[in-house]
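So the sequence shown is numbered by our numbering: it starts at 400 and just counts up by one. Here a beta-carbon is modelled for each residue, glycine too, at the ideal position from N, C-alpha and C. Note that this is a predicted model, so its numbers are computed, not measured. Everything below concerns the one structure shown next.
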Amino acid sequence: MSLSVTSTLPATLSLHAVAQTDKFFYVIGGWDEKNRFGQIWRGKFANWSCCEEIRNLPRKLVLHNAAVAANKLYVIGGVDENNQTLNHVYYSTFDANGSLGEWSEAPALKSPRARHAIVTYTQGSETQFYISGGYDGSTARGEVYCGVASGNNPIQGWRTVQHLREPMYYHQMIIHNNRLVISGGRNDETAFSAVYSAEIADTCKLGDWEDEPKLPLSISRHAALALPTPNLSYVIGGIHSDISQSQVYYAAVHTPTPTPDVTPTATSIPTPTPGLAYLRLINQPDDTLGTDEEVTYFIVYKNGPFPLENVQIVSDIPAELGLITDTVHAAVHESIVPVSTSNQRIVWTIAGSLAPEFQGALSYRAKNASAPSIITHTGVQAKWWYERQMDSMTSNPVFNPSQKYYLPLVER
400 MSLSVTSTLP
410 ATLSLHAVAQ
420 TDKFFYVIGG
430 WDEKNRFGQI
440 WRGKFANWSC
450 CEEIRNLPRK
460 LVLHNAAVAA
470 NKLYVIGGVD
480 ENNQTLNHVY
490 YSTFDANGSL
500 GEWSEAPALK
510 SPRARHAIVT
520 YTQGSETQFY
530 ISGGYDGSTA
540 RGEVYCGVAS
550 GNNPIQGWRT
560 VQHLREPMYY
570 HQMIIHNNRL
580 VISGGRNDET
590 AFSAVYSAEI
600 ADTCKLGDWE
610 DEPKLPLSIS
620 RHAALALPTP
630 NLSYVIGGIH
640 SDISQSQVYY
650 AAVHTPTPTP
660 DVTPTATSIP
670 TPTPGLAYLR
680 LINQPDDTLG
690 TDEEVTYFIV
700 YKNGPFPLEN
710 VQIVSDIPAE
720 LGLITDTVHA
730 AVHESIVPVS
740 TSNQRIVWTI
750 AGSLAPEFQG
760 ALSYRAKNAS
770 APSIITHTGV
780 QAKWWYERQM
790 DSMTSNPVFN
800 PSQKYYLPLV
810 ER
């Protein structure tokens, strides 16, 4: 993957918000380390042009959030030019050209919010807004609010539908598989690596929190997204121990157990086969690698419906690369340890039993000591994606993603 600079913002910005429609993206407010901004700039997806100033906010804002529902842009919370933390909910209606009309106010949040997370969930003509955590000007908050906008009508009000496990801010929230997923974050005392989710059971109704695979590090001020195909969620960048991060982590998202349909006649049901449900290997970067540059490998695994004993996961390292031995890492499963890092191969052994449906993650880094190289792409094999596996049970199952769809990742 490569990134290109298409155009630049009218100002250097941070602490701003962004939102999008099918044709346009909007950059809202922000800070240039000296001044706060109240402008809204619009860019076009068609030619990636940016940016045209189209309207001012009612206030200059930082640390706010924004979302789009139906024909409206909402700007929620934030800190204004007087350092006041707001509970205001502003909205404006788009015209046919993607410009914005006058501002109105929807019902305010129950308390001021900045550094909060927001996500929308649309079913038919109804959009649910979920707002979690944040900072009220003096302390971290743990409430999860929900508001509903029906059709082209604005949000009618807010109610508390759940509480985070810990009050926090600078976390992220996504929706995947009909579940609200919380990752990372911090408060004034603690930074978090936990990831957990709750089912959206009905309109503004959440189930209990359930654990997801933890992040390898405590991370805040990161980005997160969900991809339905493959069924993964990603955590990108962020801050750990006051140091900005460049890693991209990913893991399988909670998958609901399917309920079989009732049929009038008996049908045979396939018997599940013991083994890993999947094993995936991906590398970052995935395009070019210069001399002495490093590549990070991530392995995500999930067990099938039965326990597995004495599982080994093996990863072969391309011959042109040298393993950085102190970067071999096993996240989530406390009993897993590398038993071998010789001859361009790492072997992890999971002591004891691997529980049904258990998910875990492994990672390591390697350095390219040769001439600048190209990490090749060959369709789905470009990232060593091990799409799906149902192995037979053996006395000592060994799973090696590099033996499936093998791709020489570095090729001079």
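Residue i in three-state terms, based on DSSP
| i | result |
| --- | --- |
| residue 613 | coil |
| residue 691 | coil |
| residue 435 | strand |
| residue 558 | strand |
| residue 575 | strand |
| residue 569 | coil |
| residue 412 | coil |
| residue 659 | Low confidence applies here, because residue 659 scores a pLDDT of 39, under 50, leaving its location unreliable and the question unanswered by this model. |
| residue 620 | coil |
| residue 480 | coil |
| residue 701 | strand |
| residue 499 | strand |
| residue 430 | strand |
| residue 522 | strand |
Where the beta strand (DSSP E) containing residue i begins and where it ends
| i | result |
| --- | --- |
| residue 758 | 758–767 |
| residue 608 | No beta strand (DSSP E) holds residue 608; DSSP gives it neither H nor E. |
| residue 528 | 525–531 |
| residue 752 | 744–753 |
| residue 454 | 448–455 |
| residue 711 | 707–715 |
| residue 544 | 540–549 |
Residue from the options whose Cα sits closest to the Cα of residue i
| i | options | result |
| --- | --- | --- |
| residue 469 | 519, 475, 511, 443 | 519 |
| residue 475 | 561, 529, 584 | 529 |
| residue 745 | 714, 754, 643 | 714 |
| residue 566 | 523, 579, 538, 580 | 538 |
| residue 547 | 540, 502, 524 | 524 |
| residue 406 | 423, 432, 446 | 446 |
| residue 499 | 556, 626, 642, 438 | 438 |
| residue 701 | 422, 756, 551, 516 | 756 |
| residue 644 | 632, 621, 631 | 621 |
| residue 410 | 417, 705, 434 | 434 |
| residue 452 | 466, 423, 473 | 423 |
| residue 675 | 684, 577, 706 | 706 |
| residue 543 | 517, 522, 429 | 517 |
| residue 429 | 415, 626, 420 | 415 |
| residue 726 | 761, 750, 704, 749 | 761 |
Beta carbon of residue i nearer than 8 angstroms to that of residue j
| i | j | result |
| --- | --- | --- |
| residue 747 | residue 712 | yes |
| residue 442 | residue 463 | no |
| residue 597 | residue 609 | yes |
| residue 527 | residue 602 | yes |
| residue 533 | residue 513 | yes |
| residue 571 | residue 650 | no |
| residue 637 | residue 583 | yes |
| residue 554 | residue 506 | yes |
| residue 471 | residue 491 | yes |
| residue 604 | residue 560 | yes |
| residue 501 | residue 488 | no |
| residue 568 | residue 515 | yes |
| residue 575 | residue 625 | yes |
Neighbourhood of residue i by C-beta distance below 8 angstroms, restricted to the same chain and skipping five residues each side
| i | result |
| --- | --- |
| residue 408 | 426, 440, 449, 450 |
Contacting residues, own chain, Cβ-Cβ under 6 angstroms from residue i (five flanking each side not counted)
| i | result |
| --- | --- |
| residue 708 | 752 |
Contacts around residue i, its chain only, beta-carbon distance under 7 angstroms, and the 5 residues preceding and following it disregarded
| i | result |
| --- | --- |
| residue 479 | 458, 459, 460, 485 |
| residue 743 | 715, 716, 718 |
Cβ-heavy atom distance, residue i to the ligand NAP, below 7 angstroms
| i | result |
| --- | --- |
| residue 680 | Absence of the ligand NAP is noted for the structure shown, with no ligands found whatsoever. |
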